[in-house]
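Accompanying notes for the structure given below.
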Amino acid sequence: MEGSMTSAQGTRATARQRTRELVESALDTRSLPGLPSSYAFHPHQPLLYFIGRREGDKSSSLYFTTLPSPSSAVPVEGLHKEEGQWQPLLQAPATSSGQEKLSKEEELLRERMRSFDSGITSFDLHKESCQLLIPAAGKLYTVDVSQHTPEENKCELAEIRSEVSGARMDAKFCPYDPNIVSFVRDGDMWLVNRGTHKEKRLTYSRTTSSDDTASSGVAEFVMQEEFDRYTGYWWQPSADSSNPSLCRILYLQVDESDVEVFHIPDASDIHGKTDSFRYPLAGTYDLGHPTLPSEWTLKPFPLGAKNAISRVCLVEFDTSSWDSSPVVKYLQPSIQERFPWVEYIVRCGWTAPKYRDGSRPWLQLLDRKQQKLQLISLELSQFAADTDAGSVASEVSVLLEDNSDIWINVTNVLYFLEDGSGRFIWASEVHTGYRQLYLVSPGQQANKNSSLETHLYVASYAEQAKAEHIHRLTTGGFHHGAVAVSPACDKFVSTFSNLSTPHEAKVHRIAWNDAASADLSGGPSVELLLSLSVPKSTKAPIFPAPPPELFSFTNHFGEQAYGVYWRPRGQHEGQKCPTLLYVYGGPHVQLVVNSYTLTVQFKRYQVELQLFTCTMTADRVACVIIDGAGSWKRGLAWEGRLRNSMGTVLGLQHLMKTEQFIDPARIGVTGWSYGGYLSLCFLAQRPDFFKVAIAGGPVTLWEAYDTGYTERYMDTPQHNPEGYSKGSVLNMVSGFPDEDNRLLIIHGLIDENVHFCHTAKLIDELSKAGKPYQLQVFPSERHGVRTPHASKHLEIALVSFVLNHL
Numbered sequence: 001m002e003g004s005m006t007s008a009q010g011t012r013a014t015a016r017q018r019t020r021e022l023v024e025s026a027l028d029t030r031s032l033p034g035l036p037s038s039y040a041f042h043p044h045q046p047l048l049y050f051i052g053r054r055e056g057d058k059s060s061s062l063y064f065t066t067l068p069s070p071s072s073a074v075p076v077e078g079l080h081k082e083e084g085q086w087q088p089l090l091q092a093p094a095t096s097s098g099q100e101k102l103s104k105e106e107e108l109l110r111e112r113m114r115s116f117d118s119g120i121t122s123f124d125l126h127k128e129s130c131q132l133l134i135p136a137a138g139k140l141y142t143v144d145v146s147q148h149t150p151e152e153n154k155c156e157l158a159e160i161r162s163e164v165s166g167a168r169m170d171a172k173f174c175p176y177d178p179n180i181v182s183f184v185r186d187g188d189m190w191l192v193n194r195g196t197h198k199e200k201r202l203t204y205s206r207t208t209s210s211d212d213t214a215s216s217g218v219a220e221f222v223m224q225e226e227f228d229r230y231t232g233y234w235w236q237p238s239a240d241s242s243n244p245s246l247c248r249i250l251y252l253q254v255d256e257s258d259v260e261v262f263h264i265p266d267a268s269d270i271h272g273k274t275d276s277f278r279y280p281l282a283g284t285y286d287l288g289h290p291t292l293p294s295e296w297t298l299k300p301f302p303l304g305a306k307n308a309i310s311r312v313c314l315v316e317f318d319t320s321s322w323d324s325s326p327v328v329k330y331l332q333p334s335i336q337e338r339f340p341w342v343e344y345i346v347r348c349g350w351t352a353p354k355y356r357d358g359s360r361p362w363l364q365l366l367d368r369k370q371q372k373l374q375l376i377s378l379e380l381s382q383f384a385a386d387t388d389a390g391s392v393a394s395e396v397s398v399l400l401e402d403n404s405d406i407w408i409n410v411t412n413v414l415y416f417l418e419d420g421s422g423r424f425i426w427a428s429e430v431h432t433g434y435r436q437l438y439l440v441s442p443g444q445q446a447n448k449n450s451s452l453e454t455h456l457y458v459a460s461y462a463e464q465a466k467a468e469h470i471h472r473l474t475t476g477g478f479h480h481g482a483v484a485v486s487p488a489c490d491k492f493v494s495t496f497s498n499l500s501t502p503h504e505a506k507v508h509r510i511a512w513n514d515a516a517s518a519d520l521s522g523g524p525s526v527e528l529l530l531s532l533s534v535p536k537s538t539k540a541p542i543f544p545a546p547p548p549e550l551f552s553f554t555n556h557f558g559e560q561a562y563g564v565y566w567r568p569r570g571q572h573e574g575q576k577c578p579t580l581l582y583v584y585g586g587p588h589v590q591l592v593v594n595s596y597t598l599t600v601q602f603k604r605y606q607v608e609l610q611l612f613t614c615t616m617t618a619d620r621v622a623c624v625i626i627d628g629a630g631s632w633k634r635g636l637a638w639e640g641r642l643r644n645s646m647g648t649v650l651g652l653q654h655l656m657k658t659e660q661f662i663d664p665a666r667i668g669v670t671g672w673s674y675g676g677y678l679s680l681c682f683l684a685q686r687p688d689f690f691k692v693a694i695a696g697g698p699v700t701l702w703e704a705y706d707t708g709y710t711e712r713y714m715d716t717p718q719h720n721p722e723g724y725s726k727g728s729v730l731n732m733v734s735g736f737p738d739e740d741n742r743l744l745i746i747h748g749l750i751d752e753n754v755h756f757c758h759t760a761k762l763i764d765e766l767s768k769a770g771k772p773y774q775l776q777v778f779p780s781e782r783h784g785v786r787t788p789h790a791s792k793h794l795e796i797a798l799v800s801f802v803l804n805h806l
């Protein structure tokens, strides 16, 4: 007996060790250097700045390359241009531990932005003065590139020092005085004079370090997580003509005193440390607690909470008198008094300096159901310094209103023309179901040629222009990720690839010749100016394999859906193989694109598909991704079919018929966040089709998720109790299989986005029903598993589970 046990233990240990070796080998060979991104053209010199990471570097740095003269540009077709080289401008500052030490604010912002890089991750170029503003390693730097030329790298680096503790977040140049830099510290807005290093506090929303109920210039959780707005203040774009030293900043004063506080314990801390976060649960606060169906598992949960309330403010200050007090003015009456239906202020800014009678603030307002949006403009006279001064009589101008029976996707596409006409360019989906550009008449769909590729287009808004006069500038057959256009619109740079072609970065010249008339009926010509070298890994892949293959199928609605699959390495003709489906399936995410990223570098919350494919295919496991109904960039009607995600099963069935390599008895599914939720749903609803499921950071009950996301797609629990009940994984527990080793749940214990309570509630219900499961927790990880040792352990656990149980 002892001998057989020892043999079994030895077999398991050998299998575990083999999995570890596979993972470690893949980790050592799969990573690519950081692709160039965040492009910016020098305003006066033939120089291009960008962020990148060379092979062997742990952090990203700031680089530049020299552009050849426009006369050397040549036609694009069939030409290989000499590569431009990366030249370092600012290396990422070294840290004593080798890892960045981030403040809590910086850590949470990176979570919201899904930023997994380190070092220099962003920079701001002040075009008039040629100054760069760079946050890095908790510090602020400026680089003067006004004397930077191709012949001589004359750049002065200076640190903006501070004697006040606290992280300086969201730093920005004053548009018309680059010596002034604004930032947010501990929930309030500050200035610093780069010449004197003197700091000036502009707002006093917080009086103590423990007070987190109010802030100024900060985007609250829901704005960052669900509406992709990461700032809460906006400089007036030009100085006051009557007083050039007078500066104005539009900002939002956010009151979160009524937003529910969640206390998340640090399970690894022996002293019982907890972190507190304000997090609004889905549900309309003021509707009370209606009678709910008796079968609704979610009944004991509090129904909803209030969102943050934002107050629109202006702060004025005189830069010629640094010690003078700033003046804070408030919109009178408030937005809530003027528009009682408004729940969210999703976008803010200023019109162009020549807009009618001068630059004025604008706001985008959204109701709680997210089906009504208004774009309004304000006058400076509507702001009063004294909150008791009484109402301002003048009405605000409603520039545009969008309404939708589905929901409204908020975008950043708004451009005010600088011709004094008051016209602006706007993007909307509500009229045709597809995102189109509007001036007076609609433009064209953004993905004119293929929903699997992203391109740069040019169109005219001249009166004589026609809808068909839209021209693609980028090369077809590729997915163009990072794209930037020069200020003069005479050059553009793009990083692009497809499934079989590694990433390339090229700079092109746009030739506005005689054929490119005002209505663009002839179109401009595009010439290659420079191929920017893209660093490639020198390490050979441990499991060389052909690139993935795209496929399409007709879904339940008669529409074409897309997927991609990786054949098992070394598969024999007619051989059936276990297959793993990676799924997200939620809105605002498109996984299937014609990009080399899918081939080598796919990453979603640290679940490395390249790792899966290189290790799984080595053991003859196929991998599949399908973008079903509800995924992004296919139009609002397509996205509105969010609840019909089981269409991915139809896609797998189609693939099984056409490719013949899928073993129907050995199909697994995995995903993270919404993909984790779908993985649970798939196993519970189709245990006959899926053998195993791996669910990472899953939502299990929707009224325990936030207002902005949940109510957009499901309304509130009060208005849609049946939908919440049917969408709860807790009410699907009886469908989970009774066999061991078919369900693995993974969650970070300090996840402040999808709280661990989702997994805890599911485990309770699984235990009550006697359903088996495996659980993998990470005590010090949030929604994304970030630390190297935890990420490695996660990947080993994933691969081991699939190899052993699929």
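The sequence shown begins at 1 in full-length UniProt numbering and counts up one residue at a time. Think of the CB as a built atom: it goes at the ideal place given N, C-alpha and C, for glycine as much as any other residue. All of these numbers come straight from a predicted model, not from anything done at the bench.
Query: Assigned secondary structure, A759 (DSSP; H/G/I helix, E/B strand, else coil); Result: It should be pointed out that residue 759 corresponds to Thr in this sequence rather than to Ala. T759 falls in the helix class under three-state DSSP.
Query: Cα-Cα separation between K448 and T475, rounded to whole angstroms; Result: Here K448 scores only 46 on pLDDT, less than 50, and its place in the model is too uncertain to base an answer on.
Query: DSSP three-state assignment for C155, whether helix, strand or coil; Result: coil
Query: Extent of the continuous beta strand (DSSP E) run through C313; Result: I309 to D318
Query: Run of the beta strand (DSSP E) containing M169, from where it starts to where it stops; Result: M169 to C174
Query: Nonlocal neighbours in the same chain, by C-beta distance under 6 Å from W512, ignoring five residues either side; Result: P524
Query: Helix, strand or coil at W702 [DSSP, three-state]; Result: helix
Query: Burial state of Y204, where buried means 16 or more other Cβ atoms lie within 10 Å; Result: exposed
Query: Contact between the region 691-699 and the region 260-279 (3+ Cβ pairs under 8 Å); Result: no
Query: Q335 in three-state terms, based on DSSP; Result: Per the sequence presented here, residue 335 reads as Ile, with Gln not at that position. It is helical.
Query: Candidates W702, W426, P548 and Y709: closest to K726 by CA position; Result: W702
Query: L563 - DSSP class collapsed to helix/strand/coil; Result: According to the sequence displayed, residue 563 carries Gly and not Leu. G563: strand per DSSP, three-state reduction.
Query: Local conformation of Q653 per DSSP, three classes; Result: helix
Query: Cβ contact check for the region 51-70 and the region 116-135: 3 or more pairs under 8 Å; Result: yes
Query: Where the beta strand (DSSP E) through L48 begins and ends; Result: L47 to R53
Query: N- and C-terminal bounds of the alpha helix (DSSP H) containing G166; Result: G166 -> no alpha helix (DSSP H), and no H or E assigned at all.
Query: Entirely enclosed alpha helix (DSSP H) segments - the UniProt domain "Dipeptidylpeptidase IV N-terminal" (137-284), minimum 4 residues; Result: 221-227
Query: Cβ neighbour criterion (16 or more within 10 Å) applied to D170; Result: buried
Query: Contact belief for V621 with V592 at Cβ below 8 Å, rounded distance in angstroms; Result: Their Cβ separation, rounded to whole angstroms, is 19 Å, which puts V621 and V592 out of contact at 8 Å.
Query: Beta-bridge pairing of D367 - partner residues as DSSP gives them; Result: V342
Query: Where I270 falls, given that 16 or more other Cβ within 10 Å makes a residue buried; Result: exposed
Query: P721 in three-state terms, based on DSSP; Result: helix
Query: Three-state class that DSSP yields for D402 in the structure shown; Result: strand
Query: Residue 808 to A158 span [Cα, whole Å]; Result: Summary: the structure shown does not reach residue 808, with the chain confined to residues 1 through 806, and so no result is reported for it.
Query: Nearest neighbour of residue 808, chosen from S216, T231 and C174 [CA to CA]; Result: Limits of the chain in this structure are 1 at one end and 806 at the other, which puts residue 808 out of reach.
Query: Local conformation of D715 per DSSP, three classes; Result: coil
Query: N-terminal and C-terminal residue of the beta strand (DSSP E) that Q374 is part of; Result: K372 to S377
Query: Pair within 8 Å by beta-carbon distance, F41 and L35; Result: no
Query: Reduced DSSP category for V430 - H, G, I as helix; E, B as strand; rest coil; Result: coil
Query: Where G675 falls: helix, strand or coil (DSSP); Result: helix
Query: Sequence ranges, alpha helix (DSSP H) only - wholly within the region 97-124, length at least 4; Result: 104-113
Query: Buried or exposed (CB count within 10 angstroms, at least 16 for buried), A665; Result: exposed
Query: Nearest to T149 (by Cα), restricted to the options T65, I425 and G195; Result: T65
Query: Nearest-angstrom Cα separation, counted from R742 out to A769; Result: 15 Å
Query: Contact set for H480: own chain, Cβ-Cβ below 8 Å, skip 5 residues either direction; Result: E453, T454, H455, L456, T474, S494, T495 and F496
Query: Simplified DSSP state of Q382, which is helix, strand or coil; Result: helix
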